[in-house]
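Have a look at the structure below before the remarks.
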Ligand code: COA
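Residue numbers (the working numbering): 4 to 542.
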């Protein structure tokens with residue numbers, strides 16, 4: 004094993020400048036996370052507590068094993084939209100009775116916990132994570148159902164939440180619902196489609212229609228408890244498997260339920276029980292990414308701060324040097340790494356990546372993509388050299404690779420580089436973003452410049468003079484728009500990643516993800532079907 008060296012010099016002005024820029028981005032992230040954690044704000048939180056109820060994060064804390072780590076997903080969902088930051092639901096991976104579970108907890112202090120388009124995306128994503136990684140799902144339910152003003156956007160696609168619950172069950176992945184309050188109309192199918200259901204006495208309301216609607220529909224006069232109270236469901240309808248005396252009792256019963264799953268992880272255990280920590284300080288991760296996204300940085304400096312013992316065996320170190328590939332371990336789990344070193348990807352890098360991805364599949368080793376790319380190289384020389392063919396090889400390999408993938412955007416993820424480096428559309432099991440990172444079809448200056456050239460050519464073709472003043476205004480506006488739409492918080496707000504993370508937490512977050520991934524099998528299906536395929540193509 005080769006131990007990585009470091010050239011990082013904390014006293015250099017570049018280090019200090021990068022660090023200051025990153026801390027600024029982190030302060031923005033912290034402010035956004037604080038808004039999400041405040042839920043519906045003081046008035047609604049106080050009212051909720053006064054009703055003797057717990058907040059979603061308090062419920063999660065009581066559900067999970069004491070002092071165990073909780074990985075919250077997409078905490079700033081809906082940031083920069085018309086909906087409250089956090090999207091009125093908390094999703095996380097937490098350990099319950101030693102079992103890593105996906106937890107979905109409605110936040111009833113935010114518009115009654117109603118489901119808006121971002122709540123839906125966040126909930127669906129949590130279900131995807133549970134299915135892909137074979138993680139049991141625990142729902143902590145208290146929601147006003149569809150956010151009525153946006154019902155048109157969520158009613159029809161929202162059915163997926165219930166479908167996914169039963170598909171998890173069909174895949175042998177248990178699902179549990181604890182109902183703390185409202186779960187009416189469509190929401191009733193969350194407990195309805197779960198393998199196990201617990202309801203809190205005097206609090207749960209699980210019915211297809213409440214008393215007013217029943218009166219309107221059939222004329223029957225009835226009340227909440229007879230229509231959908233916990234005691235009724237536990238004794239009469241049979242929808243509730245357990246009747247909890249209060250919220251804490253409900254969470255205790257959920258833990259008891261998970262204990263009986265008899266759950267065993269299917270992936271191999273970490274190779275070392277106590278992995279050697281990296282040799283270099285994670286604090287430096289604040290200062291490694293360049294404040295100016297146009298200045299590339301050496302991803303080995305990042306690897307030296309996230310891999311076990313800073314050990315990394317580089318593959319093809321002398322070839323296609325704008326992409327670093329190689330093997331290491333992270334919290335004892337073997338990983339194959341692909342990391343951009345100089346922004347642009349050339350044909351050599353694409354071929355090297357293709358070969359490396361095949362090797363990782365043959366070795367049943369998960370892949371870690373560290374993105375910092377401005378895309379594939381353009382220009383006549385490169386087109387003639389077959390850059391599209393070679394990029395296509397890499398995208399083919401990434402698309403059809405069946406070992407688990409993890410992606411972190413460390414700085415830039417532009418153009419088709421986003422695809423080749425396993426962006427969101429390529430289904431990495433988890434995708435996180437550093438606060439400085441950007442992603443878009445191209446950079447703001449380039450995009451505005453392209454628009455300007457196209458407009459100029461159109462004017463020339465019509466024989467009209469080109470308005471330079473308008474062009475300047477247009478370029479400034481477009482640059483501003485693309486700049487803000489490529490930002491980490493903007494993209495995370497739209498659920499295009501699983502969260503923006505503090506760079507110092509990268510190793511911990513990836514370790515938790517690798518552990519979660521190993522709940523399911525990690526073997527490549529290409530590997531098991533190797534006899535029907537080809538050997539690794541040398542590139
Ligand atoms: N869509 C949009 N907004 C909703 C909502 C929904 N489904 N449910 C609640 N809200 C809003 C309320 O209008 C209120 O807003 P305001 O404080 O600005 O006036 C806020 O959320 C809190 O609601 P409130 O009724 O004060 O809270 P509560 O804790 O006493 O009751 C509910 C919560 C969910 C039981 C109650 O709001 C309710 O019955 N909502 C309608 C449920 C429904 O019929 N949903 C459709 C099912 S598909």
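Note that beta-carbon positions come from the ideal geometry of N, C-alpha and C, so glycine has one too.
Item                                                                                                                                                                      : Value
If you follow the alpha helix (DSSP H) that residue 359 is part of, which residue opens it and which one closes it?                                                       : 350-365
Starting from the N-terminal side, write out each stretch of the beta strand (DSSP E) that is 3 residues or longer and does not extend beyond the region 424-466.         : 433-436, 441-443
For my contact list, residue 246 and residue 204 are in at a C-beta cut-off of 8 Å; report their separation, rounded to the angstrom.                                     : 6 Å
Which residue from 122, 8, 514 puts its Cα closest to that of residue 334?                                                                                                : 514
Quick one: any contact between the region 104-117 and the region 141-158, if contact means 3 or more CB pairs under 8 Å?                                                  : yes
For the beta strand (DSSP E) containing residue 414, name the first residue and the last one.                                                                             : 408-417
When the Cα of residue 84 is compared with those of 503, 488, 506, 180, which residue comes out closest?                                                                  : 488
For residue 307, I'd like the list of residues in its chain whose CB is within less than 8 Å of its CB, leaving aside the five on either flank, ordered along the chain.  : 7, 8, 9, 281, 282, 283, 313, 315
Any idea which residues DSSP pairs residue 104 with across the strands?                                                                                                   : 97
Can you tell me whether residue 4 is buried or exposed, with buried defined as 16 or more other CB within 10 angstroms of its CB?                                         : exposed
Where do the ends of the beta strand (DSSP E) carrying residue 339 lie?                                                                                                   : 336-343
Residue 534: buried (16+ other C-beta within 10 angstroms of its C-beta) or exposed?                                                                                      : The predicted position of residue 534 is uncertain, since its pLDDT is 48 and thus under 50; no value can be drawn from it.
Going by the CB atoms, is the gap between residue 437 and residue 395 shorter than 9 Å?                                                                                   : no
Taking 8 Å as the cut-off, is the beta-carbon of residue 114 closer than that to any non-hydrogen atom of ligand 1?                                                       : yes
Confirm, please, whether the CB-CB distance from residue 96 to residue 137 is below 9 Å.                                                                                  : no
Shorter than 8 Å, the distance from the beta carbon of residue 464 to the closest heavy atom of ligand 1, or not?                                                         : no
What does DSSP give as the partner residues of residue 202 in its beta bridges?                                                                                           : 182, 246
With hydrogens ignored, establish whether the beta-carbon of residue 160 is closer than 8 Å to any heavy atom of ligand 1.                                                : no
Less than 9 Å separating the beta-carbons of residue 451 and residue 477?                                                                                                 : yes
Any heavy atom of ligand 1 within a distance shorter than 8 Å of the CB on residue 152?                                                                                   : yes
With residue 47 as the anchor, note down where its alpha helix (DSSP H) starts and where it stops.                                                                        : 45-53
What three-state label does DSSP hand residue 265 in the structure shown?                                                                                                 : coil
Using only CA atoms, which one of 326, 427, 431 lies nearest to residue 379?                                                                                              : 326
My assumption, with CB atoms under 8 Å, is that residue 290 sits in contact with residue 18. Please give the rounded CB distance.                                         : 4 Å
For residue 534, which of helix, strand or coil comes out of DSSP?                                                                                                        : At residue 534 the pLDDT is 48, less than 50, meaning the model places this residue with poor confidence; the figure from the coordinates comes in the next sentence. It is helical.
For residue 293, which residues in the same chain have their Cβ closer than 8 Å to its Cβ, ignoring the five residues on either side in sequence?                         : 17, 21, 299, 300, 414
Below 6 Å CB to CB, which residues in the same chain sit around residue 527 once its five sequence neighbours on both sides are set aside?                                : 364, 367, 405, 406
Work out the CA separation of residue 117 and residue 272 for me, nearest whole Å.                                                                                        : 40 Å
Can you find the residues in the same chain that come closer than 7 Å, C-beta to C-beta, to residue 251, ignoring five residues on each side of it along the sequence?    : 65
How would you write the range of the beta strand (DSSP E) that residue 374 sits in, first residue to last?                                                                : 370-379
Which residues in the same chain as residue 15 place their Cβ atom closer than 7 Å to its Cβ, once the five residues preceding and following it in sequence are excluded? : none
With DSSP as the reference, identify every bridge partner of residue 328, one or two as the case may be.                                                                  : 318, 341
With respect to 8 Å, is the separation between the Cβ of residue 81 and the closest non-hydrogen atom of ligand 1 below this value?                                       : no
Are the Cβ atoms of residue 78 and residue 114 separated by less than 9 Å?                                                                                                : no
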